[in-house]
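Numbering (full-length UniProt numbering), first residue to last: 1 to 115. For each residue, glycine too, the CB sits at the ideal point set by N, CA and C. The structure presented is a predicted model; accordingly, all values stated were derived computationally and were not measured.
This is the structure in structure tokens:
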């Protein structure tokens, strides 16, 4: 369940980052409220995930999902550049996130006694 919270926290980070751009310095009320709501949701889910997932892994995955997702949203919806090296770099980042998830499986016995 902690990994689900972490992925949802990362996806929420994408929403608030996009909302922050669209809020134009918090001058647009709707986008501003959406941004603040998703900031709260994102950090709540992130905090829940860190109950079971080590902080280094959790933070790297959380920010990685947010960074990669936000970059992809920028390329798809905001006409940001989508050059070959940018796409390769995002792929490397996503592989790193998946790798952290796979490596964290070894800590399950260690954290089994934690509540």
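| Query | Result |
| --- | --- |
| If we ignore side chains and look at the alpha-carbon of each, how far apart do residue 82 and residue 75 end up? | 6 Å |
| Which two residues bound the contiguous alpha helix (DSSP H) that contains residue 62? | 55-77 |
| Beta-carbon within less than 6 Å of residue 69's beta-carbon, same chain only, minus the 5 sequence neighbours each way: which residues are those? | 14 |
| Among the candidates 98, 19, 73 and 49, whose CA atom is the shortest distance from the CA of residue 87? | 73 |
| Exposed or buried, residue 16, counting other C-beta atoms within 10 Å across all chains shown (16 or more means buried)? | buried |
| What does the alpha-carbon distance come out to for the pair residue 57 and residue 93? | 14 Å |
| Between which two residues does the alpha helix (DSSP H) holding residue 32 run? | 29-49 |
| Out of 30, 6 and 27, point me to the one whose CA is closest to residue 66's CA. | 6 |
| The alpha helix (DSSP H) spanning residue 10 covers which residue range? | 2-22 |
| What three-state label does DSSP hand residue 83 in the structure shown? | coil |
| Taking only three categories from DSSP, how would you classify residue 101? | helix |
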